[in-house]
Every structure is written in C-alpha cells, then in structure tokens.
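Written out below as structure tokens is the structure these notes cover.
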Amino acid sequence: MHLIAASLIACAPLISAQTSLHADERINGKLVWQAFEPQRLILQESSAVIYTDGRSRIRKVYGIVVSREGHIVTKASEIVGKKNITLRIGKNVYENVEIVGCDHKWDVALLKVVSNEHFTPVDFTEASEVAQGYWVVSNGSASRSQRRVRVGIISAETREIRSTVSSVILGVQLGSEKKDQLQIKQVSKESGAEKAGLKVGDVLFSAGGIKLTERSGLVKAMIGMYPGDLLSVEVMRGDKKISFEVELMPRTSGPKLTRNEQMSGGALSLSKRRDGFPRVIHHDTPLTKESVGGPLLNLEGKCIGMNIARASRVATYAIPVRELREIVADLRAE
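Numbering (our numbering), first residue to last: 31 to 364.
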C-alpha cells in the first residue's frame, strides 16, 4: 500500500491543474499503470485471457490461475458450449484446454490447460471480508502480450444479489392453457426435465408445492432458485399422478434491460448473467463484460475475489474469496 501511495505522490507533480486531463493522466492512463505495476505483474502471470473464436483470438473473458497444474476459473456463461477455447497466460498461448466442470449457481467454470508446465496461481488472501472504501485492482484491457490494470474501490456492502426474474428453466415448452391445465408440448434435449423423465403430453399439476393452473405459477415456483437446484414437480400422466425431482438449468437469455441499463451500454457492455448470486463484493471499477472472470486484487496483490459480472455503469460484482475457495475445491474434487 505504501508503494502505491508513494508512486501516486511521485506522479502528482506531473498531473497539471487543468479541466481536461491528458490521456496519460486518466484512470486508465500510463501514469496510473506505473503506480500499480506490482499488481499488473501479478495479473500478467496469474490471470488468463480466454478466447472462444479460434485463431483470431478476440478476448471473450478473463480467468484466474488457481493451481500450478494449470487449473483456471472463469465466468461459465461466457464459455460453456464453445468449441474453440484457447487462452493466454503471460505471453504464451495454450490451445489444449478442457472444461473440467461448472458451478451454475455461481456462474463459474473450471478449465484445465493440458500441459507439463508449472503455472503461477494467485495468492488468496486469508481475510474473508473487505471494507467499503478499500482500493482494488482488476484486469483492464490487454494487448497480445501485456496486461493492463483498472482500479476502483469497494463501494457497497458485501451482500446477496437476488434475481428479479427466474434465472432458471425447467426444460419444457408448454402448449396453450386449456381448462386450467398446463400440458407439456415439448421437452428440451439434455434438459433437467428430460433427465427426470417428463414426457410430451404430461400435464403439470404442481411445482415446489404450488398447484399450477397458469404459467405464472411455474415461474413463481422457480424464483430464488439456482441452476442445479432440484424442483419437486407433479404431473398427471393420463389418470395417474407422478412425482419427479427436476434439476433446473440456467436460462440462456438475460433479464430484460431497464432504461438505465440501456443508457449504461446495454447488452454491449453489461454481463448477460448479472444477478442471482448468493453473495458478492460490490465495487466501482469501470470494467466491461469482456473484462470479468479475472481476479480482484487488493493493494498487497492478494486475490480477494473473482470478478463475475459487470452489472451497471457504476457497479461490478465479484465472488468473495471465502466462497471462491469453496467453489474451486468442489470443482477440482468432481
């Protein structure tokens, strides 16, 4: 922290008292990068730039190196389903990358670089909480070989971010409502509904203990639930009532944008999945949806969390280190 303060003080005489700062003097300018060079070096070696477009290598998202063997955690919804995943750690590009597992509740995926090299994992802080007003450092833009930093402060209390709409789906398409009945018209392939045994023609009777007479009841039953949760469902199959436990799947489309979100850049700037998290660190670092997935560092260079969503023009969310440790351990154990 003292090194950062000293660097900023040293830069102060170079910053002129003018209404419009020179580009080098702004928050993402070279003078700021120089002040946070120790943190930048950590991001250079312990964060990954992830690509999903083959050899053109346009950055999709960042990741965090969490083991010497090459395990990387990143934002799942940005890479799951992609076939051409490659990544860059330091200046080296790795094309042999596997998806080990996903935690849909937290929107985290664990990747593994297939390599005999030893990598440099981040150093997790031992502290489980971080106070408001605290300085933090994240990945900003990145050239082919160099990381850059973005800085901000913790701007709100660590808390849960609930979904305003259901962030999960059952995996069925319903026909038209007739006589207070919800009949299944189609069952999505590889969905929780298909795996549980629901069939076309079944009539939904109840979900989560709520008797179903209209579609809004099914949506209500899933609000507050996360991908991977089990929903108790009863259906009528002919004259027989049958019970199922259906694993809920993540909704692929994001929530409808508010006017404020549209003015903040909308789908071009904000993460598609930006709510429904059990607990997040809220900071004001000006990231983009392509800049999340990487580590959130404190001024000592310790990782205090993982940037998981760009939520608005002034808000970025990060998974706290306590939960991040648990997610990594669980995914590596699968």
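Cβ atoms here follow ideal geometry from the backbone N, Cα and C, with glycine treated the same way. The structure presented is a predicted model; accordingly, all values stated were derived computationally and were not measured.
May I have the straight-line CA-CA distance separating lysine 332 from glutamate 67, to the nearest angstrom?
Going by the C-alpha atoms only, they are around 14 angstroms apart.
Relative to the C-alpha of aspartate 137, which candidate in Gly131, Ser50, Lys105 has its C-alpha closest?
Residue Lys105 is the option with its Cα nearest to aspartate 137.
Can you give me the C-alpha to C-alpha distance between lysine 271 and valine 310, rounded to a whole angstrom?
Straight-line Cα distance between these residues: approximately 41 angstroms.
Shortest alpha-carbon distance to glutamate 275 belongs to which of Ser197, Gly231, Gly111, Gly227?
The shortest C-alpha separation from glutamate 275 is found at Gly227.
Which of helix, strand or coil does DSSP assign to tryptophan 136?
In the structure shown, tryptophan 136 sits in coil (DSSP, three-state: anything other than H, G, I, E or B).
In this structure, does DSSP put leucine 200 in helix, strand or coil?
In the structure shown, leucine 200 sits in coil (DSSP, three-state: anything other than H, G, I, E or B).
Tell me the rounded alpha-carbon separation between arginine 304 and aspartate 314.
The alpha-carbon atoms of arginine 304 and aspartate 314 are separated by roughly 15 angstroms.
Report the rounded CA-to-CA distance for lysine 121 versus glutamine 176, giving the unit in angstroms.
For lysine 121 and glutamine 176, the distance between alpha carbons rounds to 7 angstroms.
Can you tell me which of the three DSSP states serine 162 falls into?
Strictly speaking, residue 162 in this sequence is glutamine, with serine absent from that position. Coil.
Isoleucine 87 by DSSP, collapsed to three states: which one?
The sequence as given places arginine at residue 87; isoleucine does not occur at that position. The answer is coil: DSSP assigns arginine 87 none of H, G, I, E or B.
Would DSSP call lysine 142 helix, strand or coil?
Strand.
Assign glutamate 328 to one of two classes, buried (16 or more other C-beta atoms within 10 Å of its C-beta) or exposed (fewer than that).
Checking the sequence, you will find asparagine at residue 328 rather than glutamate. Answer is buried; the Cβ neighbour count reaches 16.
In this structure, what does DSSP give as the bridge partners for glutamate 264?
Partner(s): Ser236, Ser273.
Any idea what DSSP makes of lysine 319, helix, strand or coil?
It is helical.
Rounded to the nearest angstrom, what separates glutamate 320 and lysine 225 at their Cα positions?
Cα-Cα distance, rounded: 33 angstroms.
Would threonine 150 be called buried (16 or more neighbouring beta carbons within 10 Å of its own) or exposed?
When all chains shown are included, threonine 150 counts as exposed.
One question on the structure: do valine 103 and methionine 336 come within less than 8 angstroms of each other, judged by their Cβ atoms?
Going by C-beta atoms, valine 103 is nearer than 8 angstroms to methionine 336.
Have a look at Ser76, Ile88, Lys90, Arg89 and flag the residue whose alpha-carbon is nearest the alpha-carbon of glycine 100.
Checking every option, the nearest Cα to that of glycine 100 belongs to Ser76.
Considering only residues of the same chain and omitting the five flanking positions on each side of isoleucine 72, which have a CB-CB separation below 6 angstroms?
So the qualifying residues of the chain are Gly331.
Taking just the CA atoms, how far does valine 265 sit from threonine 243?
Computed Cα separation, rounded: 12 angstroms.
For proline 350, which beta-bridge partners are listed by DSSP?
Beta-bridge pairing links proline 350 to Gly335.
Within 10 angstroms of its Cβ, does aspartate 269 collect 16 or more other Cβ (buried), or is it exposed?
With fewer than 16 other Cβ atoms within 10 Å, it is exposed.
Between glycine 134 and proline 280, is the Cβ-Cβ spacing less than 8 angstroms?
The question names glycine, but residue 134 is histidine in the sequence shown. Taking 8 angstroms as the Cβ cut-off, histidine 134 and proline 280 qualify as a contacting pair.
Cβ atoms of isoleucine 240 and glycine 247: under 8 angstroms apart, would you say?
In contact: glycine 247 and isoleucine 240 (Cβ atoms closer than 8 angstroms).
Beta-carbon within less than 6 angstroms of glycine 323's beta-carbon, same chain only, minus the 5 sequence neighbours each way: which residues are those?
So the qualifying residues of the chain are Val91, Tyr92, Gly93, Thr104, Lys105.
Taking C-beta to C-beta, are isoleucine 334 and valine 351 nearer than 8 angstroms?
Result yes, Cβ atoms of isoleucine 334 and valine 351 sit closer than 8 angstroms.
Tell me whether glutamate 371 sits in a helix, a strand or coil according to DSSP, three-state version.
Given that the chain is displayed from residue 31 to residue 364, the structure contains no residue 371 and the question cannot be resolved.
Below 8 angstroms between beta carbons: does that hold for leucine 204 and lysine 215?
Yes. Within cutoff.
Exposed or buried, what is glutamine 193 when buried is set at 16 or more other beta-carbons lying within 10 Å of its beta-carbon?
Per the sequence shown, the amino acid found at residue 193 is serine instead of glutamine. The residue in question, serine 193, is buried, as its Cβ has 16 or more Cβ neighbours within 10 Å.
For phenylalanine 238 and valine 263, I'd like the C-alpha separation in whole angstroms.
Note on identity: in this sequence residue 238 is glycine, with phenylalanine being the wrong assignment. Going from the Cα of glycine 238 to the Cα of valine 263 covers about 6 angstroms.
Select from Cys132, Ile115, Val144 the residue whose C-alpha is nearest the C-alpha of aspartate 97.
Residue identity check: residue 97 is serine in the sequence provided, not aspartate. Answer by Cα proximity: Val144.
Near leucine 361, what residues of its chain come up, given a Cβ to Cβ distance below 7 angstroms and the 5 sequence neighbours on each side ignored?
Taken in chain order, the residues that qualify are Val130, Gly131, Asp133, Leu140.
Taking Cβ to Cβ, would you say valine 198 is nearer than 8 angstroms to serine 218?
Contact flag unset, no.
Taking DSSP as the reference, what is the three-state secondary structure of isoleucine 72?
The answer is helix: DSSP assigns isoleucine 72 an H, G or I state.
Leaving out five residues before and five after serine 299 in sequence, what residues of the same chain have Cβ atoms less than 7 angstroms from its Cβ?
Contacts found: Thr318, Lys319, Arg340.
Tell me where the beta strand (DSSP E) around glycine 182 begins and ends.
Where glycine 182 is concerned, the enclosing beta strand (DSSP E) stretches over 177–191.
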